[in-house]
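These notes concern the structure reproduced below.
Numbering (the UniProt record's numbering), first residue to last: 1 to 532.
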């Protein structure tokens, strides 16, 4: 096993993905972006432009009035309505972009532009302002709700936005190890707090708890019930429960179900911090005292935080001693010196985190599609490395807390195509289905085979000069060639695979966890099996 190696050049991949301009200019742009609310509008524009299956299903599209796609079609149709004169009512920055677009032959679909002009013809409907969080949690001051209320063509996102605008329910799982007083805890919860928090209906073990919708209980409001908070804190300290989101539980649950994570198994967590999956896997592999978890993180500071989390977990010493900590770049993690590859690899890669916005209020104010586009290459490198480190017959679980296909299916498809090319006519790796008998009744969506790749044109200096009324635009390109001709720094693997290859990739075997389905955060899971 490789020993821990301090990586002095380690950096935060998410921060790196946001770089690209001078420090002074970046500070100015970031300040404007945060203050103007541009991130909320761009986030909605981006996901409203995605095809069904990404964050909205067929029923959402059919029940909506206008969609972004519809408004784009209206712009190219022979409508009798006469659009306003080019430049009328535009800011100076918008006029500059309009002139620039007139000079280029590249065809771009800008949802922001289509929406802007469509709004000239469609009267404001009060109905859309009423689409927000549930009544008990409704907050009209929520910037996401305010941005959504101004988007007449995004009604198919109503369910998605409603979920995102409400607080994330409190969740935890009851641990299964010999030191836990779980039965007493379950009895107390059932007798005194069943109207606040109960086991989820789709977990037959009744060990996953989620606060009820009627209670509206979240991490931030737990303090309003002091006795329950004291009970949960005490149970966390003594190792009886683990505070973990439902989406975060899925990778280890899946790897356990396919018998990759078992007592005595050797498991690698490539991007381990903050440690919830490491601990979840440890509870299984350490049974019997022979299994081992290799917890790796490229960032030394995050690795130290992980060590603290393990020491505070309340798990017994003979469990926590089965963790080995390493500090490597996950994309170049060295093979075990013994030559024995891993039974299971947890590959929860650095991501944009747009599935966590119910709890992390810092994501949306700075959101642009560029973060996902930049992270895609690193995510693919990490996944490719994982597929070489797992043994034949072993499993890799790739996951993100993002619903952006560029970080999800695009990475999976690229990795599959690469191993197919390396293996000739025979497959070296395959995607496996989410087990049907795992969490029966749990609502999950299949992976998508089509998505749009967007780039943000902020015209930063002009926008900052003009004020917050113009957020720039997201332009979508049909392929890498068009994007490069427009001056975009891009990669061919961002786009969906060729139609002739879709069937053999089986991207539908991936799992998309939408916030509106099970009242959770957003999450993505893909399970790989190494065949040879």
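A virtual CB, placed ideally from N, CA and C, is assigned to each residue, including glycine.
With 16 other Cβ atoms within 10 Å as the buried cut-off, status of residue i
{"i": "residue 58", "result": "exposed"}
{"i": "residue 531", "result": "exposed"}
{"i": "residue 533", "result": "Missing from the structure shown is residue 533; the chain here goes from 1 to 532 and no further."}
{"i": "residue 312", "result": "exposed"}
{"i": "residue 463", "result": "Bear in mind that the predicted position of residue 463 carries a pLDDT of just 44, short of 50, making it too unreliable to give a figure here."}
{"i": "residue 361", "result": "exposed"}
{"i": "residue 249", "result": "buried"}
{"i": "residue 379", "result": "buried"}
{"i": "residue 447", "result": "buried"}
{"i": "residue 518", "result": "buried"}
{"i": "residue 337", "result": "exposed"}
{"i": "residue 376", "result": "buried"}
{"i": "residue 500", "result": "exposed"}
{"i": "residue 142", "result": "buried"}
{"i": "residue 151", "result": "buried"}
{"i": "residue 291", "result": "buried"}
{"i": "residue 190", "result": "exposed"}
{"i": "residue 350", "result": "buried"}
{"i": "residue 527", "result": "buried"}
{"i": "residue 457", "result": "buried"}
{"i": "residue 339", "result": "exposed"}
{"i": "residue 449", "result": "buried"}
{"i": "residue 245", "result": "buried"}
{"i": "residue 297", "result": "buried"}
{"i": "residue 392", "result": "exposed"}
{"i": "residue 166", "result": "buried"}
{"i": "residue 437", "result": "exposed"}
Beta-carbon contacts of residue i that lie in its chain and below 7 Å, excluding the five residues immediately before and after
{"i": "residue 289", "result": "318"}
{"i": "residue 202", "result": "439, 440, 441 and 442"}
{"i": "residue 113", "result": "Residue placement at residue 113 is poorly supported in this model, since its pLDDT is 35, which falls under 50; the coordinates still yield a value, given next. Same-chain partners within the cutoff: 473."}
{"i": "residue 309", "result": "274 and 275"}
{"i": "residue 307", "result": "325"}
{"i": "residue 404", "result": "352, 354 and 372"}
{"i": "residue 497", "result": "413, 417 and 505"}
{"i": "residue 357", "result": "164, 363 and 364"}
{"i": "residue 193", "result": "228"}
{"i": "residue 302", "result": "273"}
{"i": "residue 427", "result": "420 and 531"}
{"i": "residue 52", "result": "58 and 61"}
{"i": "residue 263", "result": "284, 285, 287, 288 and 291"}
Close-in-space but distant-in-sequence residues of the same chain around residue i (CB under 6 Å, 5 per side omitted)
{"i": "residue 154", "result": "44 and 48"}
{"i": "residue 454", "result": "46, 369, 474 and 476"}
{"i": "residue 64", "result": "155 and 156"}
{"i": "residue 492", "result": "480"}
{"i": "residue 38", "result": "471"}
Beta-carbon separation (whole angstroms), residue i vs residue j, contact threshold 8 Å
{"i": "residue 144", "j": "residue 40", "result": "5 Å"}
{"i": "residue 265", "j": "residue 285", "result": "5 Å"}
{"i": "residue 385", "j": "residue 330", "result": "7 Å"}
{"i": "residue 409", "j": "residue 352", "result": "Their Cβ separation, rounded to whole angstroms, is 15 Å, which puts residue 409 and residue 352 out of contact at 8 Å."}
{"i": "residue 140", "j": "residue 181", "result": "Contact flag wrong, Cβ pair sits at about 44 Å."}
{"i": "residue 529", "j": "residue 333", "result": "20 Å between Cβ atoms; not a contact."}
{"i": "residue 401", "j": "residue 223", "result": "About 25 Å; that fails the 8 Å criterion."}
{"i": "residue 451", "j": "residue 50", "result": "6 Å"}
{"i": "residue 513", "j": "residue 522", "result": "6 Å"}
{"i": "residue 172", "j": "residue 225", "result": "Between residue 225 and residue 172 the Cβ distance is about 15 Å, and since that is not below 8 Å, they are no contact."}
{"i": "residue 299", "j": "residue 435", "result": "Residue 299 to residue 435, Cβ: 33 Å. No contact."}
Contact set for residue i: own chain, Cβ-Cβ below 8 Å, skip 5 residues either direction
{"i": "residue 283", "result": "175, 176, 177, 315 and 319"}
{"i": "residue 516", "result": "159, 160, 162 and 163"}
{"i": "residue 261", "result": "252, 255, 267, 281, 284, 285, 343 and 344"}
{"i": "residue 195", "result": "212, 214 and 215"}
{"i": "residue 237", "result": "312 and 314"}
{"i": "residue 322", "result": "282, 285, 286, 289, 291, 292 and 293"}
{"i": "residue 168", "result": "218, 219, 245, 358, 359, 520 and 521"}
Whole beta strand (DSSP E) elements within the stretch 30–66, 3-residue minimum: none
Completely contained beta strand (DSSP E) runs for the stretch 279–345, where each covers 3 or more residues: If we require 3 residues or more, the beta strand (DSSP E) runs fully inside the stretch 279–345 come out as 292–296 and 323–326.
Segment contact, 8 Å Cβ cut-off, at least three pairs: the stretch 185–205 with the stretch 277–288: no
Meets three-Cβ-pair contact criterion under 8 Å: the stretch 378–392 and the stretch 413–421: yes
Inter-stretch contact at 8 Å, needing at least 3 Cβ pairs: the stretch 478–491 / the stretch 215–222: no
At least 3 beta-carbon pairs within less than 8 Å: the stretch 333–346 vs the stretch 504–515: Judged by Cβ distances under 8 Å, the stretch 333–346 makes no contact with the stretch 504–515, as fewer than three pairs qualify.
Secondary structure, beta strand (DSSP E): runs of 3+ residues fully inside the stretch 185–232: 197–199 and 208–211
Whole runs of the alpha helix (DSSP H) within the stretch 346–399, excluding any shorter than 4 residues: Along the stretch 346–399, the alpha helix (DSSP H) occurs as fully enclosed runs of 4 or more residues at 369–389, listed in sequence order.
Runs of alpha helix (DSSP H) lying entirely within the stretch 425–461, each at least 4 residues, in chain order: Taking only runs of at least 4 residues, no alpha helix (DSSP H) segment lies wholly in the stretch 425–461.
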